[in-house]
Amino acid sequence: MQTVERVVSEVERKRAESLAACERRVAECESRLAELEGYMKSYAEQFQARAGNGIGAAGLRDFQTFMARLGEAVKQQTQIVLQARADRDAELRTWQHAAQRAEAVGGLVKRWQSEEQRQHEKREQLESDERSQRPSPHPLSLRGT
Numbered sequence: 004m005q006t007v008e009r010v011v012s013e014v015e016r017k018r019a020e021s022l023a024a025c026e027r028r029v030a031e032c033e034s035r036l037a038e039l040e041g042y043m044k045s046y047a048e049q050f051q052a053r054a055g056n057g058i059g060a061a062g063l064r065d066f067q068t069f070m071a072r073l074g075e076a077v078k079q080q081t082q083i084v085l086q087a088r089a090d091r092d093a094e095l096r097t098w099q100h101a102a103q104r105a106e107a108v109g110g111l112v113k114r115w116q117s118e119e120q121r122q123h124e125k126r127e128q129l130e131s132d133e134r135s136q137r138p139s140p141h142p143l144s145l146r147g148t
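Just so we're aligned, residue 4 is where the sequence shown starts under the numbering used here, counting upward by one.
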């Protein structure tokens, strides 16, 4: 029974590690998205400052092209973040299931061990009772007279 408990606990531990990896992935993806959004905002602000001094049609076209590419990168990264979150949520459910199973098996093992201990104590008590009920040999019978 303890082997089963170890196996179930190991599965739960691996699921927890996988969940932690998913959490790290979500954080990395969100960080990358924030970087892209920050870069996009910064570039737009820099363009506004330069545009105040006057900008040609080619400069405006280049800005619009670059902003469109950044917008697409932000859109793609947003999708990556959403997928990473969905993966994390699925892994969370898997880990919760494994943790519940490990807890249930752990409780079962404890009850089994408690019952085994009670049975052992009961056998010892019965043996002790039997020994105390046996007639003790008469001291004179031991002399061999």
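Beta carbons: idealized from backbone N, C-alpha and C, even for Gly.
Closest Cα partner of residue i within the set the options
i: Arg28; options: Glu106, Gln80, Gly110; result: Gln80
i: Glu13; options: Arg104, Glu118, Arg137; result: Arg104
i: Arg91; options: Glu8, Ser21, Glu15; result: Ser21
i: Arg88; options: Glu26, Ala19, Glu118; result: Glu26
First and last residue of the uninterrupted alpha helix (DSSP H) at residue i
i: Ile83; result: 60-136
Supposed close pair residue i, residue j - CB separation, criterion 8 Å
i: Ala107; j: Glu15; result: Actually they are not in contact, since the Cβ atoms of Ala107 and Glu15 sit about 11 Å apart, beyond 8 Å.
i: Arg84; j: Leu36; result: Position check: residue 84 holds Val in this sequence, whereas Arg was assumed. About 5 Å separates the two Cβ atoms, so the contact holds.
i: Tyr46; j: Leu63; result: No, Tyr46 and Leu63 are not in contact; Cβ-Cβ is about 14 Å, not under 8 Å.
Exposure of residue i, with buried meaning 16 or more beta-carbon neighbours within 10 Å
i: Val7; result: exposed
i: Val10; result: exposed
i: Trp98; result: buried
i: Glu94; result: buried
i: Arg114; result: exposed
i: Arg18; result: buried
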